[in-house]
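Structure below.
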């Protein structure tokens, strides 16, 4: 019943909002257009005809048949800006005048430098859904330029390839690089998943630029069996998977932050066995504790993500 | 001869791809360039030296011996000034392994796009597990007819004769596709569908016993037989100033195994009877555990952004969703004689409604200022009905009475949070800026010890490029979280029948120790300091050093997590002597320290309440455990194009070493001994080379070496009968050294 009320009501409101918005597509700025050299791509290729610059000819940007592309508008000047002075060889400070935008690659050298003008060039066209949260995102506020991560002249932009994407992210996120080299982690170093499977580097609606609204919603994408709802919920699990797990990798199986039973003891000090200190008395040769060795607490409490059994309140069923 | 074969192969591939051009529905044949496509096809052979599930955990190289190397990466070519925007591409990786991933894309750029994808993802976990159950990995597991029960594993006379090797692994198989269509200027509609099947087994502890003092069980090999169908639909408008999108996400999860049923390998409780299947526990002597129930998730998402003027943008993300689960309940026990009362409902009718609103703005009122702000509302409304469930504990005791400790009420947790944040950048100079930020978070929960928490966070960050060759930043943040009164027995009062609670004295109405503070909503002070310096003394060399220190102080917790310290420092060096050679090295040192307190309490100290004065038992007392992770990670690598477009080489080596030191200490009453360290050492070396020895042919070589050794007291030497009360899988420790070599030919199309 809720599906037909709340869900479709929101759907309807959203549709109405969208349809009510008039098309406000950008129009070419005629004043600005007057300063274009207007020599076409061929004019630029007279000098810039070798890789990596010429690599752009093999990219989607270089497709005149798609009216949205830079090549269908002012060619190279669509992105690099009106460059008549550059084309005519005008000298500025004893050097040939540069194009207006040169998009210097800034991986770690961006600190404090304003790059918004460069980024606006890209954002003028890239208004698609996954860039909608760019403004106000952590990356935007940290002055990352699009060219910090993307190499648009390369036929294969390595940051869009899942097997090589992490190398780009690691250049700043060194803590996560170290975590992902720990023995227990998600298969990112194997190239099976990529950072952008969970995060939207252009800004996502969730914390830490997650593509989903919450941490748990991200996890449920691949771990739908843990979604429930369950009859017997485990409160910290329902609240945030990261209460117990570090998704970038840990030294403990299951990407647990701390090995059980000590992880469990942080919240469980009930009578009987949960309150008991587990120590070397439970390890050979002194002993062999059911509560410490093997799967520790999960030797018995195997349903820590929730149980749907009518007698499963102890998460053993 | 090889060249002849190669030429034929290239010819066949060209034919196949031209055929594909006819098959794709968007006139992909209309190519302007002389060559219709470019890319490469790779075939070859590889060899793995060692059987090691942990090495092949995700990469498909878990078995020793030969494996096939196969890859394809082809795409249509085009002339930038051509009249057609049609395209297609096909990419396939790891085609000879169980991790193959194939994707085909096609369409008309700027008009319509489509894709198909097939993918396998494996997870190999344990290849040395042993287990005595017949039907291990299925939903019904029995013991051999000659099984002899006992009170402990040591007396299970036929245990070792009954063991069979089990491989613990899963495989996901996904296929799907999608279409998107720009049906009008700035308007698009898209739909993606994926079907995933996940098969395999996982370890699962399964016990009998009436309380925590007398469990008897086994780690079973439980079946995994899941499917998950997902559908994503969206309608979007992407204008220059305004962007809007409406999306619907659906996930239908299905588990073919509702339950797992198994024989009790131990004697019945109270111990004493001779084991005979079907004669213990009054009737059945079997246990049944619920598997993950079928469930659904629906979400409608609206996102929008609008630019106001040249420097202000507002955004909104609004999502409403509902997660449901209504699997028919299993009986309170599979042993009918233990069931005295029916359930109050046949299924849960579980439903969680989620509402998420994230509205934000960012603006630049002047060239020196940037400001951004966000408000987030996150509501998880668990509407699952609450009922009393009379437990038949672990299929080992008769169902509890309605007025007893075994009459429990489910607690469907809900929470609502409000978060507001604002940050401002002030540019002191064109290359120096100062950032100030403040967050406020308020969260309401139910059925928990703390109803509300408030957290204030302040931060300041200085960024600067002091010169063209040096720049960096430093940041400090401080957060304080305070909650409403910590009512220790609120979960107890919420989870038991009020009629039963009325029979208890106030001092008996507890589960957890009143001095405990659960870390996820306990009062907490959090301090974090981090800094980075990047130095580029020449165009060829860059150094970067990054450090971070964080501390969480759970200031009101007498028991539970007391403090968490997190420190790391990383040094990165990159050296690029010339365009064709790049090298890098890094080293990271990390320390993670968790300090927690507990209070050991024996049964004789149970009542009244949690009274500690006088000491309720001879072995009672406070204890402390410090878990100290020290991790060092080192990496070095290089890429070298030795001969332009002819010879490329690459090597990467990483080494990660961790030591987890768990140090217990306690009051004199509490007996304890030190715990052994847990150590891991992981070496990974990868060497690869590619030589283009003919115009369309390249030779690729790859060598990989990985060595992982983990010393873990919890796993090392723990066999099926090591634990007195639990038959473990005896999966043992992880120790392998695997070499992989691969030789392949790449047929290149330009």
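Residue numbers (this note's numbering), protein chains in the order written: chain A, 6 to 322; chain B, 573 to 1322. Glycine is no exception: its CB is placed at the ideal position from the N, C-alpha and C atoms.
Two segments are said to touch when three or more pairs of C-beta atoms, one from each, lie closer than 8 Å; by this definition the stretch 619-629 of chain B touches the stretch 1303-1311 of chain B. Residues 893 and 952 of the same chain have their beta carbon placed closer than 6 Å to that of residue 926(B), with the five preceding and five following residues left out of the count. Judged by beta-carbon spacing, residue 158(A) lies within the 9 Å limit of residue 57(A), meaning their Cβ atoms are closer than that value. With contact defined as three or more Cβ pairs closer than 8 Å, the stretch 769-782 of chain B and the stretch 737-748 of chain B are in contact.
Relative to the Cα of residue 1026(B), the nearest Cα in the group 1057(B), 869(B) and 612(B) belongs to 1057(B). Closest in C-alpha terms to residue 1251(B), from the list 257(A), 84(A) and 309(A), comes 257(A). In this structure, residue 614(B) and residue 1318(B) form a Cβ contact; the two beta carbons are roughly 5 Å apart against a cut-off of 8 Å.
Within chain A, the C-beta atoms nearer than 7 Å to that of residue 1236(B) come from 282 and 284, in chain order.
Any Cβ of chain A closer than 9 Å to the Cβ of residue 656(B) would place that residue at the interface, and such an atom is present. Unbroken beta strand (DSSP E) stretches of 3 residues or longer found wholly inside the stretch 912-996 of chain B: 922-938, 941-954, 960-962 and 979-981, given in chain order. In the structure shown, residue 908(B) adopts helical secondary structure according to DSSP, grouped into three states. Comparing C-alpha distances from residue 741(B) to each of 793(B), 704(B) and 938(B) shows the shortest one belongs to 793(B).
The count of Cβ pairs closer than 8 Å, one atom from the stretch 663-681 of chain B and one from the stretch 727-741 of chain B, stays below three, leaving the stretches out of contact. Scanning 711(B), 1084(B), 821(B) and 782(B) for the CA closest to the CA of residue 216(A) turns up 821(B).
Annotation: residue 979(B) to residue 240(A) spans about 20 Å, alpha carbon to alpha carbon. For residue 1025(B), the pairing in a beta bridge is given by DSSP as 1015(B) and 1055(B). Within the stretch 58-142 of chain A, the runs of alpha helix (DSSP H) at least 4 residues long that lie entirely inside it are, in chain order, 82-85, 89-93 and 121-128. For the alpha helix (DSSP H) assignment, the uninterrupted runs of no fewer than 4 residues enclosed by the stretch 1068-1118 of chain B are, from N- to C-terminal side, 1070-1073. Interface with chain B (9 Å Cβ-Cβ cutoff): residue 225(A) is included. Put simply, of 298(A), 84(A) and 133(A) the residue whose alpha carbon is nearest the alpha carbon of residue 760(B) is 133(A).
Taking the Cα positions, residue 924(B) is about 43 Å away from residue 998(B).
For residue 732(B), the uninterrupted alpha helix (DSSP H) run begins and ends at 731-734, by DSSP. Taking a cut-off of 8 Å on C-beta distances, the stretch 856-863 of chain B does not touch the stretch 877-885 of chain B, as fewer than three cross pairs fall below it. Per DSSP, the beta-bridge partners of residue 658(B) are 680(B).
Take residue 136(A), set aside five residues on each side of it, and the residues of its chain with a beta-carbon closer than 6 Å to its own are 207, in chain order. Interface with chain A (9 Å Cβ-Cβ cutoff): residue 904(B) is included. For chain A, the residues of the stretch 1089-1109 of chain B that bring a beta carbon within less than 8 Å of one of its beta carbons are 1090, 1091, 1092, 1104, 1106 and 1108, in chain order. For residue 890(B), the enclosing beta strand (DSSP E) starts and ends at 884-897.
Beyond the five residues adjoining it in sequence on each side, residue 285(A) comes within less than 8 Å, by CB distance, of 291 in the same chain, given in chain order.
Beyond the five residues adjoining it in sequence on each side, residue 1301(B) comes within less than 8 Å, by CB distance, of 698, 701, 702, 703, 738, 740, 775, 791, 793 and 1292 in the same chain, given in chain order. From the listed residues 922(B), 947(B) and 928(B), the smallest Cα separation to residue 934(B) is found for 947(B). In the DSSP assignment, residue 184(A) falls within the unbroken alpha helix (DSSP H) covering 179-185.
Per DSSP, reduced to three states, the secondary structure at residue 1066(B) is helical.
Excluding its 5 nearest sequence neighbours in each direction, residue 232(A) has C-beta neighbours in its own chain below 6 Å: 225, listed in chain order. Straight-line spacing of the CA atoms in residue 195(A) and residue 940(B) works out to 43 Å.
Neighbours of residue 861(B) in chain A, taken as residues at a C-beta separation under 7 Å, are given in chain order as 314 and 322.
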